[in-house]
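Q:
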Amino acid sequence: GAVVSQHPSWVICKSGTSVKIECRSLDFQATTMFWYRQFPKQSLMLMATSNEGSKATYEQGVEKDKFLINHASLTLSTLTVTSAHPEDSSFYICSATAGLAGTEQYFGPGTRLTVT
Amino acid sequence: AQSVTQPDIHITVSEGASLELRCNYSYGATPYLFWYVQSPGQGLQLLLKYFSGDTLVQGIKGFEAEFKRSQSSFNLRKPSVHWSDAAEYFCAVGADSWGKFQFGAGTQVVVTP
Chain A
1 GAVVSQHPSW
11 VICKSGTSVK
21 IECRSLDFQA
31 TTMFWYRQFP
41 KQSLMLMATS
51 NEGSKATYEQ
61 GVEKDKFLIN
71 HASLTLSTLT
81 VTSAHPEDSS
91 FYICSATAGL
101 AGTEQYFGPG
111 TRLTVT
Chain B
1001 AQSVTQPDIH
1011 ITVSEGASLE
1021 LRCNYSYGAT
1031 PYLFWYVQSP
1041 GQGLQLLLKY
1051 FSGDTLVQGI
1061 KGFEAEFKRS
1071 QSSFNLRKPS
1081 VHWSDAAEYF
1091 CAVGADSWGK
1101 FQFGAGTQVV
1111 VTP
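Residue numbers (the numbering used here), protein chains in the order written: chain A, 1 to 116; chain B, 1001 to 1113.
1) Is the CB-CB distance between residue 10 (chain A) and residue 111 (chain A) below 8 Å?
2) Assuming residue 4 (chain A) contacts residue 108 (chain A) under a Cβ cut-off of 8 Å, what Cβ separation, rounded to an integer in Å, is found between them?
3) Quick one: which chain B residues come within Cβ less than 9 Å of residue 46 (chain A)?
4) So with CB distances below 7 Å, who are the chain B contacts of residue 109 (chain A)?
5) Thinking C-alpha only, which one of B:1052, B:1035, B:1043 is nearest residue 1064 (chain B)?
6) Tell whether a beta-carbon distance below 8 Å holds between residue 90 (chain A) and residue 24 (chain A).
7) Between residue 17 (chain A) and chain B, is the shortest Cβ-Cβ distance under 8 Å, so that the two count as touching?
8) Mind checking residue 88 (chain A): buried by the 16 CB within 10 Å criterion, or exposed?
9) Where does residue 10 (chain A) sit, in a helix, a strand or coil, going by DSSP?
10) Give me the Cα-Cα distance between residue 1018 (chain B) and residue 1111 (chain B), rounded to the nearest whole angstrom.
11) Measuring only the C-alpha atoms, how far is residue 114 (chain A) from residue 1066 (chain B)?
12) Is residue 108 (chain A) helix, strand or coil by DSSP?
13) Can you give the Cα-Cα distance for residue 62 (chain A) and residue 68 (chain A), rounded to whole angstroms?
14) From B:1059, B:1009, B:1089, B:1005, pick the residue whose C-alpha is nearest to that of residue 1027 (chain B); which is it?
15) Quick check: what's the CA-CA separation for residue 988 (chain B) versus residue 1080 (chain B)?
16) Quick one: what's got a C-beta closer than 6 Å to residue 99 (chain A)'s C-beta in the same chain, skipping five residues either side?
17) The beta strand (DSSP E) spanning residue 36 (chain A) covers which residue range?
18) Any C-beta of chain B sitting closer than 8 Å to the C-beta of residue 115 (chain A)?
19) Once DSSP output is grouped into helix, strand and coil, what is the label at residue 1077 (chain B)?
20) Report the rounded CA-to-CA distance for residue 78 (chain A) versus residue 14 (chain A), giving the unit in angstroms.
21) At a Cβ threshold of 8 Å, is residue 75 (chain A) touching chain B?
22) Listed in chain order, which residues of the region 1053-1074 of chain B have Cβ atoms closer than 9 Å to some Cβ of chain A?
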């Protein structure tokens, strides 16, 4: 199957700083990428839908100014957590799809963010 | 409203025994249904999916799932579990296979010797 990578796999940052997480589709062009957030022992919650070349669509309750998403190319989407606080600590997972009928969605391994 | 319910948060099963994970959904239209497995440090791996056709779906790693429209269920089964099946399992629903999904809360499976 197709491969989606995330970088970094884990990151620790201080409260008030910003951190960027990358999501890459390694062997296919991803017109659409999704960003999920997973709290310990809980499910994945969709944060936003990212389409290449256009603004991301955020789910209700997700602060678009805190979670900046950029999908500048068909293989890369980035999630920047701005002015991070301890409550932003979580596991962030991206998925990528070619966005065509019959195609699949592939998930990255996730990024563990800890804000101290 | 759309929802996915996995009633069992945690299941312990002996190696070699059978396993069944429950999933119930609420969805306005005919949904795509998925089962994913998540192992520590790894991304979600698709086990199987269903949209139409035969209601008994075969997946990878010896898993199968049965779609029951009357019960709004899509339960996952494996006849004989292996220690490597210990992981978190998620049921998901979506309008298609390439769009956004809604996930259940997950079921943690522990396999004992």
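Note that the Cβ used here is the ideal one computed from N, Cα and C, for glycine as well.
A: So, to answer that:
1) Here residue 10 (chain A) is near residue 111 (chain A), since their CB atoms are less than 8 Å apart.
2) Taking 8 Å as the upper bound for CB-CB distance, residue 4 (chain A) and residue 108 (chain A) are in contact here, some 4 Å apart.
3) 1100, 1101, 1102, 1103
4) Near residue 109 (chain A) (Cβ distances below 7 Å), the residues of chain B are 1041, 1042, 1043.
5) B:1035
6) no
7) no
8) buried
9) Of the three classes helix, strand and coil, the one that applies to residue 10 (chain A) here is strand, per DSSP.
10) 11 Å
11) 39 Å
12) coil
13) 10 Å
14) B:1005
15) No statement about residue 988 (chain B) is possible, as the shown extent of chain B runs from 1001 to 1113 and does not include it.
16) For residue 99 (chain A), where only same-chain residues beyond five positions count, the Cβ hits under 6 Å are 31, 32.
17) 32-38
18) no
19) Looking at residue 1077 (chain B) - three-state DSSP - the assignment turns out to be strand.
20) Distance from the CA of residue 78 (chain A) to the CA of residue 14 (chain A), rounded to the nearest whole angstrom, comes to 20 Å.
21) No, residue 75 (chain A) does not count as interfacial toward chain B.
22) none
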